[in-house]
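In the working numbering, the protein residues as written are 107 to 210.
Written out below as structure tokens is the structure these notes cover.
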């Protein structure tokens, strides 16, 4: 559940590497140990990278699913997660941001 709540804030498509940066260590340990990100239960909601032919990218099966999960996340938690996603993206792409500074 926590995985989906973080993933829905990232967007329709999200990478496993981004989840690694955003999930709490306790959740991350469970996901990695049990492989629950690609399990049958999650398959009802997300499409794994193999089916998308992307090395690291998952996708919600439908935007309605993502939006429903998103609406269930408390507003304060969404704001915090958006901030963390933005920080991760800024750190990952900081070398390529100068042409876009005027937008932020």
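Virtual Cβ for every residue (Gly too), placed ideally from N, Cα, C.
Bear in mind the structure is a predicted one, so any value in this text is a computation, not a measurement.
Inset, instruction - Whole angstroms is fine: what's the gap from residue 150's alpha carbon to residue 207's? - result: 39 Å
Inset, instruction - Taking residue 128 and residue 191 to be in contact with their CB atoms under 8 Å, please state how far apart those CB atoms are, rounded to whole angstroms. - result: 7 Å
Inset, instruction - Whole angstroms is fine: what's the gap from residue 194's alpha carbon to residue 169's? - result: 23 Å
Inset, instruction - On a CA-only basis, which of 132, 131, 185 is nearest residue 114? Give me that one, please. - result: 185
Legend entry - Unbroken beta strand (DSSP E) run spanning residue 164, endpoints: 163-166
Inset, instruction - With a 10 Å radius around its C-beta and 16 neighbouring C-beta atoms as the bar for buried, classify residue 197 as buried or exposed. - result: exposed
Legend entry - Those residues which DSSP pairs with residue 120 across a bridge: Looking at the DSSP output, residue 120 shares a beta bridge with 164.
Legend entry - Cβ-based neighbour list, residue 110, same chain, cut-off 7 Å, excluding 5 preceding and 5 following: 151, 175
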